[in-house]
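This report concerns only the one structure given below.
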Amino acid sequence: MIKDIIIKIEDNKLLIVLKKELYEKDAVFSAAYKFTDKCVILIEPIDPFSIGVYFKPKSDPKDVDLEKIAEDYCNEVLDQQIRLDLEKRYGNIRKLIVRHAFLPISNLKDKIEIE
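Those letters in the sequence shown? Residues 0 to 114, per numbering that gives the first Met the number 0, in order.
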């Protein structure tokens with residue numbers, strides 16, 4: 000199954016094919032950014048339903064385990080998508096907690112002495 004997602008283009012290039020219905024643009028780009036120190040990354044649509052993430056090592060390909068980087072990217076893009084999903088689902092609760100946590104400070108403004 001992972002072989003359908005990670006495709007070897009050449010000896011020193013890999014392509015990861017992601018379904019747009021599963022991964023948002025923000026997740027794809029955020030995950031890619033974490034690997035820009037090791038690889039040159041190109042992201043472009045493949046068709047209306049898929050997006051391609053191309054990886055090419057910045058250094059000597061013999062020194063880089065490109066397949067491992069691609070597998071790590073798959074985990075990272077999943078993590079980023081879950082973060083986005085959780086923010087949509089529970090972001091309002093987080094904002095409410097933060098607001099409530101700092102609300103008492105505004106009530107104490109006149110009692111706080113600033114030097």
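Positions of the beta carbon are idealized from the N, C-alpha and C atoms, including for glycine. If you're wondering where the values come from, they're calculated on a predicted model, not measured in any experiment.
- I15 and S58 have their C-alpha atoms spaced approximately 20 Å apart.
- The beta carbon of I68 lies closer than 7 Å to those of F34, K37, C38, F54 in the same chain, with the five residues before and after it left out.
- For D25, the enclosing alpha helix (DSSP H) stretches over residues 24 to 32.
- Closest in alpha carbon position to E75, among D62, P60, V52, Y89, is V52.
- Pairing Q80 with A26 gives a Cβ-Cβ distance under 8 Å.
- DSSP, read as helix, strand or coil, puts E20 in coil.
- Going by C-alpha positions, V63 is about 48 Å away from H99.
- Comparing alpha-carbon positions, the option among L21, S29, C73, P56 lying closest to I8 turns out to be P56.
- As the crow flies, the alpha-carbon of P44 is around 25 Å from that of P60.
- Per DSSP, reduced to three states, the secondary structure at V63 is coil, with no helix or strand assignment.
- The beta carbon of L83 is closer than 8 Å to those of E23, D25, A26 in its chain, skipping five residues each way along the sequence.
- Counting along the chain, the unbroken beta strand (DSSP E) around F54 starts and ends at 49 to 56.
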